[in-house]
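Below is one structure; the comments refer to it alone.
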Amino acid sequence: MHRIGALHRNIVSGGPSSTDSSSVAVTKMSSPITTHVLNTASGFPAAGMQITIEQLGGGNSWTTLSSKVTNDDGRVKDLMSGKLEPGVYRMTFHTGAYFAAKGEKCFYPECTVVFNIESADMHYHIPLLISPYGYSTYRGS
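Per UniProt numbering, residue 1 is the first one in the sequence shown, and the count goes up by one each step.
Rendered as structure tokens:
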């Protein structure tokens, strides 16, 4: 409840109070695209999963912008650097290698999410919920 009260006070007052020790700091995301991968079969974050981000260019060819591995919380710090350009992007989650490293089989060796970026000034969050035989994604916040 302390967090909800602090958020309410921040909204009403226009910012955190320097005397309020329960205030919640809001930090700017360092990457314009972020993700959070959760293994719904185990109930834990998907640590150690390779994620690749590409941008569609002229001639319908993909250019790799970043390829990194999720941390213990299923996230990647600084997944991308720099400013986005409007266009079509592709995020590939290498689920086959992730499950193989755990000694598990899976039906989808890769989960590919293709999405459109209309405004370069916005933050885009692409969460992924995975299990060995299914996955789900949505536009996060």
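All residues carry an ideal CB built from backbone N, CA and C; glycine is no exception.
The model shown is predicted, which means the values in this text are computed figures rather than measured ones.
The three-state secondary structure of N71, taken from DSSP, is coil.
It is roughly 6 Å from the alpha-carbon of N116 to the alpha-carbon of G87.
Spanning the alpha carbons of S136 and Q50 requires a straight line of approximately 17 Å. The region 95-113 makes no contact with the region 77-87, as fewer than three CB pairs between them are under 8 Å.
Straight-line measurement puts the Cα of L56 at about 15 Å from the Cα of A120. Under the three-state reduction of DSSP, Y108 is assigned to coil, being neither helix nor strand. Note on geometry: alpha-carbon atoms of L65 and D73 lie some 22 Å from one another. Within the UniProt domain "Transthyretin/hydroxyisourate hydrolase" (28-140), complete beta strand (DSSP E) segments of at least 3 residues are found at 33-39, 50-56, 62-69, 87-93, 111-117, 124-131, 134-137, given in chain order. With a cutoff of 9 Å on beta-carbon distance, I33 and Y108 are scored as not near each other. Shortest Cα-Cα distance from C106 to any of S141, A47, S131 involves S131. Going by beta carbons, F93 and T112 fall inside the 9 Å limit.
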